[in-house]
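Okay, structure first, notes after.
Following this line, the structure appears as structure tokens:
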């Protein structure tokens, strides 16, 4: 399990939530006042960490949602093959291939250390 259950009222802009089985960072969080027969609702707009897709949901503030546990790790670039980089984790020495993000293309070099994020079985190079 790579997430924890949290109540919607505990979330803020900048925190993380799972929407459609995708870890997302909250960019907009608004709440409405409770209605005559209901409870307050929260409208959440979030962007996917791995796919950059914008998603929005509405939940009651007492509703429980999943918040992904994101591991921020460091790896070393072993080799670069086109748009893919072979990375070796500096703690576990595990090697794997990841796509190079657009903003790092051309600046990533062999032997360089990079920070990558791992959550819910997915990985992404975040910065060099």
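Residue numbers (this note's numbering): 70 to 197. By construction, the Cβ of each residue, glycine as well, lies at the ideal position given by its N, Cα and C atoms.
| Check | Outcome |
| --- | --- |
| Considering only the beta carbon of each residue, do residue 84 and residue 137 sit closer than 8 Å? | no |
| As a quick exercise: from 118, 91, 163, pick the residue whose alpha carbon is nearest that of residue 146. | 163 |
| Excluding five sequence neighbours on each side, which residues of the same chain lie with their C-beta closer than 6 Å to the C-beta of residue 125? | 114 |
| Compute the Euclidean distance between the alpha carbons of residue 178 and residue 118, then round it to the nearest angstrom. | 24 Å |
| Tell me the rounded alpha-carbon separation between residue 93 and residue 121. | 8 Å |
| Is the stretch 185–197 touching the stretch 152–168, taking contact as three or more C-beta pairs under 8 Å? | yes |
| Note down, in chain order, each residue of its chain lying with its Cβ closer than 6 Å to the Cβ of residue 78, except the 5 sequence neighbours on either side. | 130 |
| Should residue 167 and residue 185 be called a contact, given that it needs their Cβ atoms to be closer than 8 Å? | yes |
| At the level of alpha carbons, what is the spacing between residue 187 and residue 98? | 24 Å |
| Give me the residue from 182, 102, 116 with the minimum Cα distance to residue 144. | 182 |
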